[in-house]
Structure formats: structure tokens, C-alpha cells
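> In this note's numbering, the protein residues as written are 631 to 712.
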């Protein structure tokens, strides 16, 4: 994977995108469960898409994807890759 260099403003924009998406997901999950859901965005990391998703899901090797890994705590523990 080639090194990606982003400005501080671009990194902030990606973090904000993650916060908005996670916030919407937390709201939907909270409504579904009828319980409060808390979220925290810890870090932003670039990875090769082949290291994250099986190649049968990747249709274009020139594409860039964004994914979020969410850790679930409480009664139901686990991880979600979005």
C-alpha cells in the first residue's frame, strides 16, 4: 500500500465523518434496544483493503474504502466492522 499523506484538516474531516456515522449508528442501536448506547472514536488508521476484507468483496483494486471497527461492551460484547 502506498503511503497516504493527509493534512490536519483532512484528518479532522475523516474523524468527523466517523463521529457522525458512529453517532447515527449508536442512535439507531439505542432505539432498537431501548437502552442508552455510548460511543467513543479512538483513532484513525490507514490499512490496505486486502488486509481488512476478503478479496471477493473488492470489485475494483483502484477504489478507496472507509471502514469503522466498533467495539461493543456491556451485556453483548464483540466487534463490528462497518
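Positions of the beta carbon are idealized from the N, C-alpha and C atoms, including for glycine. The structure displayed is predicted, hence computed values, not measured ones.
Assign residue 704 to one of three DSSP states: helix, strand, or coil.
Three-state result, residue 704: coil.
> Is residue 650 helix, strand or coil when you go by DSSP?
Residue 650: helix per DSSP, three-state reduction.
> So, using beta-carbon positions, are residue 634 and residue 676 closer together than 9 Å?
It is a contact, given that the beta carbons lie within the stated cut-off.
> Closest to residue 681 by C-alpha separation, out of 673, 650, 711, would be which residue?
If we check each option's Cα against that of residue 681, 711 comes out closest.
> Measuring straight from C-alpha to C-alpha, what distance separates residue 651 and residue 657?
In a straight line, the C-alpha of residue 651 is about 10 Å away from that of residue 657.
> Can you confirm whether the stretch 665 to 674 touches the stretch 642 to 651 when touching is taken to mean that 3 or more C-beta pairs between the two stretches lie within less than 8 Å?
At 8 Å Cβ cutoff, the stretches touch.
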